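Everything below concerns the one structure shown next.
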Amino acid sequence: MFKPSEGVQKPKLIDAIKSLKLVKQLQIHENYGQNIFPKENQPKSSYFTKIGTYRDIIESDKSDFNLSNLTQQINEECIKHGDSNNFGTSDGTAIANIRSLISRIEHLRLQPEFKNIFGFNKQLGDNNEFNQELENFLDAAQTEQTLFIISLKDASFEKGLREILTNAIGNYLLEEARQYKFKENPIVLFVDEAHQFLKKTISDDSFQDLELDAFDKIAKECRKHGLFLCISTQTPRDIPVGTLSQIGTFIVHRLINETDRSVIEKACSEGNKSSLSYLPTLQSGEALLISIEMPMPIIIKIKEPNIKPTSLTSKLFV
Numbered sequence: 266m267f268k269p270s271e272g273v274q275k276p277k278l279i280d281a282i283k284s285l286k287l288v289k290q291l292q293i294h295e296n297y298g299q300n301i302f303p304k305e306n307q308p309k310s311s312y313f314t315k316i317g318t319y320r321d322i323i324e325s326d327k328s329d330f331n332l333s334n335l336t337q338q339i340n341e342e343c344i345k346h347g348d349s350n351n352f353g354t355s356d357g358t359a360i361a362n363i364r365s366l367i368s369r370i371e372h373l374r375l376q377p378e379f380k381n382i383f384g385f386n387k388q389l390g391d392n393n394e395f396n397q398e399l400e401n402f403l404d405a406a407q408t409e410q411t412l413f414i415i416s417l418k419d420a421s422f423e424k425g426l427r428e429i430l431t432n433a434i435g436n437y438l439l440e441e442a443r444q445y446k447f448k449e450n451p452i453v454l455f456v457d458e459a460h461q462f463l464k465k466t467i468s469d470d471s472f473q474d475l476e477l478d479a480f481d482k483i484a485k486e487c488r489k490h491g492l493f494l495c496i497s498t499q500t501p502r503d504i505p506v507g508t509l510s511q512i513g514t515f516i517v518h519r520l521i522n523e524t525d526r527s528v529i530e531k532a533c534s535e536g537n538k539s540s541l542s543y544l545p546t547l548q549s550g551e552a553l554l555i556s557i558e559m560p561m562p563i564i565i566k567i568k569e570p571n572i573k574p575t576s577l578t579s580k581l582f583v
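In our numbering, the protein residues as written are 266 to 583.
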């Protein structure tokens, strides 16, 4: 999200986050009175001893830190190597190199849409935290709910916010699945308008592409972990072929675009490809059901919902 340059800014950002995670643990366990961890001319042994003590927590992706102190801590990381015992003095060249990163962080941190979604001024212990709500839902012993809805209708499209947020949620579920959290109580993850979130990349200032591939990984490896993926899209051509190839069941409505039909054809088995010729002629509400569990595809009729969606085309002329 902050798009640090790979060679200069990224190492400083990583070190600053690690230091702030350490500060958080020191505040909890050792009554630490500062909001940052000063390093200039300070003993190295003190820092690395504390890092070793809380290493497991600090290296966890779920470890908390206060983002409002991030830019100040980044400046603390801009120091010379020093000697074997102490960190060195402030490094003016390093400080100059991270100025653009500092500006980006402060700009995004103060944007209302980013503050509201990521809760930059909140702590993990506060009420109405997304991760806590999701954990409560996933904990079958604490809830009787069977459906958890995440709406992104109010999330901004600026700076790839929607894509980053959705990918972060996917990564969270991916890591939970890898820890066998869903093995006994499987869950199905539905992704509507999947073309907005899959096959997405974000470029940084060095024009390097960061691939948002959480859902691609879920499709490829999480079935055995009890995490299943169901996607809905109007443009199959925007879904990675590797993801589609992992899907065992397709419900395909009318498709006129040749590229869309070709993508579905590549993802289906040889025996089902001839049936795809019906796709351009399907009527409203009709769909072709293709599944590895069925010997041949069938045309089905979808019942109209009790609450109809407002999906009709707006009238251009009255």
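Just so it is clear, CB atoms sit at the ideal spot from N, CA and C, and this is done for glycine as well.
Note that the coordinates shown come from a computational prediction; the quantities given were computed from them, not determined experimentally.
Cα-Cα separation between residue i and residue j, rounded to whole angstroms
i, j, result
"lysine 268", "isoleucine 363", "12 angstroms"
"leucine 554", "proline 545", "15 angstroms"
"tyrosine 297", "leucine 287", "10 angstroms"
"leucine 505", "glutamate 400", "For the record, residue 505 in the displayed sequence is proline; it is not leucine. Distance between the alpha carbons of proline 505 and glutamate 400: 29 angstroms."
"serine 497", "lysine 580", "26 angstroms"
"arginine 502", "arginine 526", "8 angstroms"
"arginine 369", "alanine 281", "15 angstroms"
"serine 421", "leucine 547", "35 angstroms"
"glutamate 271", "isoleucine 344", "18 angstroms"
"aspartate 326", "isoleucine 557", "37 angstroms"
"leucine 520", "isoleucine 565", "15 angstroms"
"glycine 347", "threonine 354", "7 angstroms"
"isoleucine 293", "cysteine 487", "35 angstroms"
"lysine 531", "lysine 380", "42 angstroms"
"phenylalanine 462", "tyrosine 319", "35 angstroms"
"glutamate 458", "glutamine 499", "7 angstroms"
"threonine 575", "leucine 477", "31 angstroms"
N-terminal and C-terminal residue of the alpha helix (DSSP H) that residue i is part of
i, result
"leucine 426", "426-443"
"isoleucine 529", "523-532"
"alanine 479", "479-486"
"serine 284", "274-294"
"phenylalanine 418", "As written in the sequence, residue 418 is lysine, which differs from the phenylalanine given in the question. That residue, lysine 418, is in no alpha helix (DSSP H); it is neither H nor E in DSSP."
Exposure label - residue i; buried when at least 16 CB within 10 Å
i, result
"glutamine 274", "buried"
"phenylalanine 582", "exposed"
"phenylalanine 472", "For phenylalanine 472, the predicted model reports a pLDDT of 44, less than 50, meaning its position is unreliable; a value from the coordinates is still stated below. Counting Cβ neighbours within 10 Å, phenylalanine 472 comes out exposed, since fewer than 16 surround it."
"serine 284", "buried"
"glutamine 290", "buried"
"threonine 358", "exposed"
"isoleucine 572", "exposed"
"phenylalanine 413", "exposed"
"glutamate 423", "exposed"
"asparagine 432", "buried"
"glutamate 409", "exposed"
"phenylalanine 455", "exposed"
"aspartate 419", "exposed"
Extent of the continuous beta strand (DSSP E) to which residue i belongs
i, result
"isoleucine 516", "514-517"
"serine 365", "Taken as a continuous stretch (DSSP letters only), serine 365 belongs to no beta strand (DSSP E), being part of the alpha helix (DSSP H) at 364-374."
"glutamate 551", "551-556"
"isoleucine 565", "563-566"
Candidates the options, of which the one nearest residue i by Cα
i, options, result
"asparagine 331", "Phe302, Gln499, Asp478", "Phe302"
"glutamate 523", "Leu541, Glu324, Gln511, Thr578", "Leu541"
"serine 365", "Leu278, Phe455, Ile512, Pro451", "Leu278"
"lysine 489", "Leu477, Ile452, Ile516", "Ile452"
"glycine 507", "Ala442, Cys533, Glu394, Leu577", "Cys533"
"glutamate 371", "Met559, Ser333, Tyr445", "Ser333"
"asparagine 350", "Leu373, Ile360, Phe313, Ile322", "Phe313"
Answer yes if the region 329-338 comes into contact with the region 306-317, meaning at least three C-beta pairs across the two stretches below 8 angstroms, and no otherwise. no
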